[in-house]
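First the structure, in the form of structure tokens, and then the observations on it.
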Amino acid sequence: MKLPIYLDHHATTPVDPRVLEAMIPYFTQSFGNAASRQHVFGWEAEAAVDAARASLAQALGASEKEIVFTSGATESDNLAILGVARLYREKGDHVVTAATEHRAVLDCCRALESEGFRVTFLAPRKTGEVAPEQVREALTDRTILVSLMLANNEIGTIQRLSAIGEVCRERGVLFHTDAVQGFGKIPFDVESSRVDLASITAHKIYGPKGVGALYVRARNPRVRLAPVLHGGGHEGGRRSGTLNVPGIVGFARAAEIALAEMPEESARLRALRERLNDGITGRVEGTSLNGPPLPRLADGGALAPGEEERRLPGNLNVSFAGVDGEALLASLKDVAVSSGSACTSASLEPSHVLAAIGVPAPLAFASLRFGLGRWTTAEEIDFAVATTAQAVARLRENSPLAHTRSR
Ligand code: PLP
1 MKLPIYLDHH
11 ATTPVDPRVL
21 EAMIPYFTQS
31 FGNAASRQHV
41 FGWEAEAAVD
51 AARASLAQAL
61 GASEKEIVFT
71 SGATESDNLA
81 ILGVARLYRE
91 KGDHVVTAAT
101 EHRAVLDCCR
111 ALESEGFRVT
121 FLAPRKTGEV
131 APEQVREALT
141 DRTILVSLML
151 ANNEIGTIQR
161 LSAIGEVCRE
171 RGVLFHTDAV
181 QGFGKIPFDV
191 ESSRVDLASI
201 TAHKIYGPKG
211 VGALYVRARN
221 PRVRLAPVLH
231 GGGHEGGRRS
241 GTLNVPGIVG
251 FARAAEIALA
261 EMPEESARLR
271 ALRERLNDGI
281 TGRVEGTSLN
291 GPPLPRLADG
301 GALAPGEEER
311 RLPGNLNVSF
321 AGVDGEALLA
331 SLKDVAVSSG
341 SACTSASLEP
351 SHVLAAIGVP
361 APLAFASLRF
371 GLGRWTTAEE
381 IDFAVATTAQ
391 AVARLRENSP
401 LAHTRSR
């Protein structure tokens, strides 16, 4: 086993060697600009982009013209939210989202507020789920867009999008999802989930950083966008800028692999996640699970009959009462995980996601997010359990907060 161990796959993932191999020719040999129409260098690059676009469209259940390549999901979220709001402004000025969304969505909504839009930030249940009725109640005749993520990056909650999409469709409101954490990990397609826009990014699925896409529905309804980046009119005028050809090729290859391996990989990750959770709860007192319950498993990590996948298979988020998460992180030198606090320029704040699902600040500060991935092994999980248990015990011994520990 090689140290340190990487258990932060929600933050990013290593590039799969199969993805890298597909990308390499597009750096040095077929390096053309996909917009160069006059020579073979450009044609080759364009052909590679076309093939990748077709492959990603198929992965989403979409058509090629509905895919807009971007620099990542932050840009996709910006294009979806700002692009729709600004274009449909005549129709309405109200947007609905949830308090547990990624900053890329929340900060776009804040930007819209400063442009005079009204935004409703729904409070999800303790599991992180938003009920379709909550969305229905929030809609007004001025609502133009609802944005809710497919899966949460901190607590792994999988949102049942189709019922919410149905509500939006009935009311003629566009529906965007930040599908970054779910795409390639759980079944997802734009038809059954009834979304009109979906943001995805390559680096969460073992592809390269700095490349993403936005799905934009072309029919029933045809969604239009005000561009955010202006320039050469690439991507049908929706996103100007020279395409990242190697990145796009790698993105498509990464999605192909993720989709092909999803059933076995999900089962493997669920079993490892259960091992991690059992190990931690068996060895450490005073832990609490943040987010949806873990499913009961059948052999080999398959879901037991009647169980639903309510949480990303590789996600675990646990609070350790009476322990400071930052101190815990600092003492976990050989295990890369993240804690439930966010450093802003001025202060350390509890995660906005944990706060929104009602986790008290001391427990949010005392939380760790584990993100298991493609090369995580049982040996690594056992090491993480032992190291975490030791670190928690040591910190509690030394902590003036030790008396606040509770089961
Ligand atoms: N949305 C979610 C849910 C994420 O987890 C991330 C990654 O941190 C992003 C958006 C931003 O993606 P990108 O790093 O591609 O800009």
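Number 252 in our numbering belongs to position 252 of the sequence shown; there are no gaps in the numbering.
Note that the Cβ used here is the ideal one computed from N, Cα and C, for glycine as well.
Computed from a predicted model, the values in this text were never measured in an experiment.
- For residue 367, DSSP records a beta bridge to 319.
- Here DSSP, grouped into helix, strand and coil, assigns residue 196 to coil.
- The segment 178-191 and the segment 94-107 touch, with three or more beta-carbon pairs separated by less than 8 Å.
- Here residue 251 is buried, its C-beta having at least 16 other C-beta atoms within 10 Å.
- Taking 8 Å as the cut-off, the Cβ atoms of residue 59 and residue 312 do not count as close.
- By the Cβ criterion, the segment 110-128 is not in contact with the segment 206-222, since fewer than three pairs of Cβ atoms, one from each stretch, lie closer than 8 Å.
- Residue environment analysis places residue 24 among the exposed positions, since fewer than 16 neighbouring C-beta atoms fall within 10 angstroms of its C-beta.
- Taking the Cβ of residue 83 as the reference point, every heavy atom of the ligand PLP lies at 7 Å or farther away.
- Between residue 341 and residue 351 the beta-carbon gap is near 6 Å, inside 8 Å, which marks them as a contact.
- Among the bridge pairs identified by DSSP, residue 157 is matched with 311.
- For residue 285, the closest C-alpha among the options 230, 321, 242, 66 is that of 321.
- Around residue 4, the same chain offers 334, 336 as residues with beta carbons nearer than 6 Å, after the five sequence neighbours per side are excluded.
- In this structure, the beta-carbon distance from residue 128 to residue 292 falls below 8 Å.
- Not a single heavy atom of the ligand PLP lies less than 7 Å from the C-beta of residue 317.
- Taken atom to atom, the span from the alpha-carbon of residue 282 to that of residue 145 is near 45 Å.
- In this structure the segment 120-134 does not touch the segment 187-196; the number of beta carbon pairs closer than 8 Å is below three.
- Taking 3 residues as the shortest admissible run, the segment 219-287 contains no complete beta strand (DSSP E) segment at all.
- A straight line joining the alpha-carbon of residue 378 with that of residue 327 spans about 26 Å.
- The beta carbon of residue 36 lies closer than 7 Å to those of 42 in the same chain, with the five residues before and after it left out.
- Contact check for residue 237 against residue 221 fails: the beta carbons are separated by 8 Å or more.
- Distances from the CB of residue 335 to the heavy atoms of the ligand PLP are all 7 Å or more.
- Under the three-state reduction of DSSP, residue 115 is assigned to coil, being neither helix nor strand.
- A distance of 8 Å or more separates the beta carbons of residue 148 and residue 158.
- Put simply, the backbone Cα of residue 241 is about 7 Å away from that of residue 232.
- According to the DSSP assignment, residue 212 belongs to the beta strand (DSSP E) that extends over 212-216.
- Look at residue 206 here: in three-state DSSP terms it is coil, with no helix or strand label.
- In this structure, residue 354 lies away from residue 224, with their beta-carbon atoms at least 8 Å apart.
- If you draw a 10 Å sphere on the C-beta of residue 217, you find 16 or more other C-beta atoms in it, and that means buried.
- Among the bridge pairs identified by DSSP, residue 12 is matched with none.
- Residue pairing by DSSP puts residue 98 in a beta bridge opposite 122.
- If you draw a straight line from the Cα of residue 123 to the Cα of residue 68, it comes to about 31 Å.
- Set against 7 Å, the gap from the CB of residue 325 to the closest heavy atom of the ligand PLP is not smaller.
- Between the ligand PLP and residue 393, a heavy atom-to-CB distance of less than 7 Å is absent.
- Counted as a single uninterrupted DSSP element, the beta strand (DSSP E) harbouring residue 147 occupies residues 143-147.
- Assignment of residue 6 by DSSP, reduced to helix, strand and coil, places it in the strand class.
- Distances between the C-beta of residue 99 and the heavy atoms of the ligand PLP are all 7 Å or more.
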